[in-house]
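Participant: Numbering (the UniProt record's numbering), first residue to last: 1 to 376. The structure under discussion is supplied below as structure tokens; questions concerning it will follow.
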Amino acid sequence: MLTVMPATKLHLDAVVALEKQTFPEDAISRRSFKRFIESVSADFQVALIDDDVVGYFVVLYRNNTNLARLYALVIAPGHRQAGYGQQLLVTAEEAADTRHCLFLRTEIATSNQIAEQLLVKEGFRTIELREAYFPPSHSQSRDALVMQKLLPRYEIGDDSGVGATEEYVPMLTQTTEFTCGPASLLMAMDYFDRPSTDPAAEELEIWREATTIYMTSGHGGCGPHGLARAALKRGLSVTVEVNADGPLFIDSVRQAQKKEVMQRIQEADRTFLMEQGVAINVRDYTTALLKADLANGALVMALISTYSFDGIRAPHWVLICAADDDFVYINDPDYDTLPWESSTQRQYLPIPIGTFNKAFGYGGRKQKAAVVLTEK
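In structure tokens:
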């Protein structure tokens, strides 16, 4: 039976011997292994059968990041093809997840097909090819595949979080670069049993109804009042959360004519919503308020700045589906705004609460906007 446990100095001789046997030309040194044992920024664990070391892994962490690096994973030749590598990999993932890391990343030789197959089976994706990554003495290909896995996952029924508890909110990718808000609303409509019969057409129709602000060059963007009005029209109950009274995002617009258009449309939407009895709360929509709404069965559309993710200050609507003590979980409708590689990875995407708080808000005054959606 395989036992996995933290490495100690008593394991060093066996680990060093196995490392040299596996990588005779560029083995990790004994000093490094000893440092991994002592370091708080490393998880170094060994796999034992009858007290004999048959494998090990090392996961390294960097301060102030949510990225973990699988630095080494080795199984002794006589114990391969027995599922031990997969068991070690799962344990390494759990170690990184325990430290609230978003990603586990590793580099393998392009010729190491066995390792690649294992990683792909466990949900890793190739994100980069690095040429001549390994030293000239490397016994396999010098080129490396950089592979990465998204670790946290919100589980329905998990008592530690708040949000949808019966089913996951469906995922929908926006069809244009400017319809993130409408796509987020369509996901919510689907979840609340009001699916669109023609999502692609209705996405543009919602955008036409809700476009109220100019924030970047190109097509206009959807504001919270316009989206709330579109959601109300489609049978949902809505609450608008903003941290500033009056027209939003005016400061980001230079042309006087555009400012006037924004003011007029937003005022018309505000007046309509108030006539319909829709609450427009002017306050700081905190994480505590967000969690309370999620706990009451709501979904929340939030306008974020993508700067924290891609270095570009662009406004972007996402749909918040759940939250726990560490993460806010979003459905991100855009296929290329944030560094996630598939629609599956953009569903219930975990965003660290600290990162979300930095991203939630747009413009120099960090104006916040959210639309809380529930069933009527």
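Note that beta-carbon positions come from the ideal geometry of N, C-alpha and C, so glycine has one too.
Decide if M301 is buried, meaning its Cβ has at least 16 other Cβ atoms within 10 Å, or exposed.
Facilitator: Under this definition M301 is a buried residue.
Participant: With DSSP as the reference, label N331 as helix, strand or coil.
Facilitator: N331 falls in the strand class under three-state DSSP.
Participant: Taking buried to mean at least 16 other C-beta atoms within 10 Å of its own C-beta, is S160 buried or exposed?
Facilitator: The residue in question, S160, is exposed, as its Cβ has fewer than 16 Cβ neighbours within 10 Å.
Participant: Relative to the C-alpha of K149, which residue among H316, F124, E25 is closest?
Facilitator: The option with the nearest alpha carbon to K149 is F124.
Participant: CA-CA distance, Y154 and E166?
Facilitator: Going from the Cα of Y154 to the Cα of E166 covers about 13 Å.
Participant: Taking the straight line between their C-alpha atoms, what separation do you get for F327 and T287?
Facilitator: Distance between the alpha carbons of F327 and T287 is about 10 Å.
Participant: First and last residue of the alpha helix (DSSP H) that includes V261?
Facilitator: Here the alpha helix (DSSP H) through V261 covers 256–275.
Participant: Since P350 is in the beta strand (DSSP E), which residue starts that stretch and which ends it?
Facilitator: Unbroken beta strand (DSSP E) run through P350: 349–352.
Participant: Restricting to Cα atoms, I'd like to know which of T22, P182, I320, R80 is closest to A201.
Facilitator: Comparing Cα-Cα distances from A201 to each of T22, P182, I320, R80, the minimum goes to P182.
Participant: Tell me the rounded alpha-carbon separation between F23 and A359.
Facilitator: Cα to Cα, F23 sits roughly 44 Å from A359.
Participant: Can you give the Cα-Cα distance for R264 and L227, rounded to whole angstroms?
Facilitator: Taking the straight line from one Cα to the other gives about 16 Å.
Participant: What is the DSSP secondary structure of P6, reduced to helix, strand or coil?
Facilitator: DSSP places P6 in strand when its eight states are reduced to three.
Participant: Within the segment 137–197, note down every full alpha helix (DSSP H) run reaching 4 residues or more, in order along the chain.
Facilitator: The segment 137–197 contains these whole alpha helix (DSSP H) runs: 180–191.
Participant: Use the C-beta contact count for Y307: other C-beta atoms within 10 angstroms, 16 or more gives buried, fewer gives exposed.
Facilitator: By the neighbour-count rule (16 or more Cβ atoms within 10 Å), Y307 is not buried but exposed.
Participant: Residue range of the beta strand (DSSP E) that S305 falls in?
Facilitator: Counting along the chain, the beta strand (DSSP E) containing S305 begins and ends at 299–305.
Participant: Quick test of your reading: G163 and Y285, contact by CB under 8 Å. State the CB separation rounded to the nearest angstrom.
Facilitator: G163 to Y285, Cβ: 16 Å. No contact.
Participant: Count Cβ pairs between the segment 53–68 and the segment 104–112 that sit closer than 8 Å; are there 3 or more?
Facilitator: Flag = yes, the segment 53–68 and the segment 104–112 touch.
Participant: How far does the beta strand (DSSP E) with G226 in it reach, from first residue to last?
Facilitator: No beta strand (DSSP E) holds G226; the alpha helix (DSSP H) holding it covers 224–233.
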